[in-house]
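Numbering (the numbering used here), first residue to last: 75 to 505. One structure is given below, encoded as structure tokens.
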């Protein structure tokens, strides 16, 4: 399989090169040259297949020529060694829990897959540079910790991640270093992009990205949708909707890719917070990039989502066809709080702020478009947002054992306030 740059279709690379490079030399995102629908046998027998088998069948065309079937199977078994349960709230509404990995967030899968791919490919030292609005940083730190010849630099906005998220991404040692930036997540993303344009840094370090712009982070997210569908045991007659809390649009882009592979999802719903550029584009043809608005669903506080260009490519830039497959809505913080209360009071189920927005998107669109069955994604464990959840529900959430240890560790962080300070660190030998 070859991947081309979205800035220049003539520039193609292998899966291995795309993973190691992160982005193309012309700074375009990589995209698969060909997407082949899965065999009917696979699509018709999903509920009889293991998660490992489903993941292998959906991924192998993309890694073909770079990873043997045997090695791909081994990587997959290491990556998804935890559950992805679908919880029924009622006979029509379901929740896919994606927080059963080591850092309690959906990003564990992509980070672990990328880490193992880099470990498989790398024969020279690599520096992974990543910007995070919360969960990406902790997932990447956990996945790459102590991997030989891979150093990780995580840039996050000061005061704009939850206390647990910050602990999870700042308490690693050895090959992991967190940089606390005094600004917004969008500014963090700009700094990372500028670093990839800086020849002085590129001549000093072999730099790659672990944000969802990297295909090894993006592609495995398609597995979630196959896992959910096979648990729902839907019939062909049912019009299934999937609601995805959306910020940088990598996760929902992977869902739309799963549909391209043959997964029979009727509608995808991009459920956003007030940072709603995609909603404005689809409804008013307004793609003006605005200043990021801090919200309760901080992982979705993205003013200019990097992966939306891939969604446009999936639909050959055909906006009308995109709108036939993708619905988009957005919600305010006050609605997010009410949704947390509503889900708890109605179903005795606890959602985090991102899951609450996913729930609202599903609820509203099912009513509006007459969809028979739907699932929303719960992308992070509610304990990652204890202040919000506890305040809404007046309860004390118990911290899962697998993350209790980080709460008592000291932060290992370097404060930065501008690009030049980040560059100075990357040109040093401090990691």
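Positions of the beta carbon are idealized from the N, C-alpha and C atoms, including for glycine.
According to DSSP, is residue 395 part of a helix, a strand, or is it coil?
Residue 395 falls in the helix class under three-state DSSP.
Residue range of the alpha helix (DSSP H) that residue 254 falls in?
Run containing residue 254: none in the alpha helix (DSSP H); it sits in the beta strand (DSSP E), 250 to 255.
Output the boundary residues of the beta strand (DSSP E) element that contains residue 405.
No beta strand (DSSP E) contains residue 405, which DSSP labels as neither H nor E.
Do residue 269 and residue 500 have their CB atoms nearer than 8 Å?
Yes, these two residues count as a Cβ contact at 8 Å.
Starting from residue 83 and walking both ways along the beta strand (DSSP E), at which residues does that stretch end?
Start and end: 82 to 88.
Start and end of the alpha helix (DSSP H) containing residue 436?
Here the alpha helix (DSSP H) through residue 436 covers 427 to 443.
Pick out the complete beta strand (DSSP E) segments inside the segment 105 to 174, 3 residues or longer, and give them in chain order.
Listed in chain order, they are 160 to 162 and 167 to 171.
What is the rounded straight-line gap between the Cα of residue 438 and the Cα of residue 317?
Distance between the alpha carbons of residue 438 and residue 317: 10 Å.
Figure out for me which residue from 115, 485 and 443 has the closest Cα to the Cα of residue 314.
Of the candidates 115, 485 and 443, the one whose C-alpha sits nearest the C-alpha of residue 314 is 443.
Which of the three DSSP states, helix, strand or coil, is assigned to residue 79?
DSSP places residue 79 in strand when its eight states are reduced to three.
Answer with buried or exposed for residue 109, where buried requires no fewer than 16 other C-beta atoms within 10 angstroms of its C-beta.
Flag for residue 109 reads exposed.
Give me the Cα-Cα distance between residue 416 and residue 424, rounded to the nearest whole angstrom.
The alpha-carbon atoms of residue 416 and residue 424 are separated by roughly 10 Å.
Is it a yes or a no for the segment 246 to 264 touching the segment 474 to 494, going by three-plus beta-carbon pairs under 8 Å?
They touch, by the three-pair rule.
Let's see if you can read the secondary structure: which residues bound the beta strand (DSSP E) around residue 490?
Residue 490 -> beta strand (DSSP E) spans 487 to 490.
Quick check: the Cα distance between residue 349 and residue 493, rounded to an integer number of angstroms?
Roughly 24 Å separates the two Cα atoms.
Using alpha carbons as the reference points, say which of 328, 357 and 374 lies closest to residue 347.
Cα-wise, what sits closest to residue 347 is 374.
Out of 187, 174, 338 and 482, point me to the one whose CA is closest to residue 474's CA.
When only C-alpha atoms are compared, the closest one is 174.
To the nearest angstrom, how far is it from the Cα of residue 379 to the Cα of residue 250?
Looking at the two C-alpha atoms, the distance is approximately 26 Å.
Which runs of the alpha helix (DSSP H) spanning at least 4 residues fall entirely within the segment 291 to 326, listed in chain order?
Entirely contained in the segment 291 to 326, the alpha helix (DSSP H) runs reaching 4 residues are, in chain order, 297 to 306.
Once DSSP output is grouped into helix, strand and coil, what is the label at residue 423?
Correct three-state label for residue 423: coil.
Let me know the secondary structure DSSP gives residue 341 once reduced to three states.
Three-state result, residue 341: strand.
Checking 8 Å against the spacing of the C-beta atoms, do residue 496 and residue 229 come in under that value?
It is a contact, given that the beta carbons lie within the stated cut-off.
What residue ranges within the segment 326 to 380 form continuous alpha helix (DSSP H) runs of no fewer than 4 residues, ordered along the chain?
351 to 358, all fully within the segment 326 to 380.
For residue 240, is the classification buried or exposed, using 16 other Cβ atoms within 10 angstroms of its Cβ as the cut-off for buried?
Per the 10 Å Cβ criterion, buried.
Please go through the same chain and pick out, in chain order, the residues whose beta-carbon is closer than 6 Å to the beta-carbon of residue 260, but skip the five residues on each side of it.
The answer, listed in chain order, is 366 and 377.
Using a 10 Å radius around the Cβ and a threshold of 16 neighbouring Cβ atoms, would you call residue 142 buried or exposed?
Residue 142 comes out exposed.
State the beta-bridge partners of residue 184 as determined by DSSP.
None, per the DSSP bridge assignment.
Can you tell me which of the three DSSP states residue 241 falls into?
In this structure, residue 241 counts as helix in the three-state DSSP scheme.
Have a look at 288, 168, 89 and 193 and flag the residue whose alpha-carbon is nearest the alpha-carbon of residue 134.
Residue 89 is the option with its Cα nearest to residue 134.
Figure out for me which residue from 144, 181, 467 and 330 has the closest Cα to the Cα of residue 388.
Taking only the C-alpha atoms, the option nearest residue 388 is 330.
Residue 457 to residue 84, Cα distance in whole Å?
Rounded to the nearest angstrom, the two C-alpha atoms are 46 Å apart.
Residues in the same chain with beta-carbon distance under 6 Å from residue 413, minus the five sequence neighbours each way, listed in chain order, please.
Counting only Cβ-Cβ distances below 6 Å, and skipping sequence neighbours, we find 430, 433 and 434.
Confirm, please, whether the CB-CB distance from residue 120 to residue 299 is below 8 Å.
Their beta carbons are not under 8 Å apart, which means residue 299 does not touch residue 120 by this criterion.
Residues bridged to residue 450 by DSSP?
169 and 317, per the DSSP bridge assignment.
Report buried or exposed for residue 233, applying the criterion of at least 16 other Cβ atoms within 10 angstroms of its Cβ.
Exposed, because fewer than 16 other Cβ atoms sit within 10 Å of the Cβ of residue 233.
Compare the C-beta of residue 271 against all C-beta atoms of chain C and say whether one is closer than 8 Å.
Of the protein chains in this structure there is only one, and it is not chain C.
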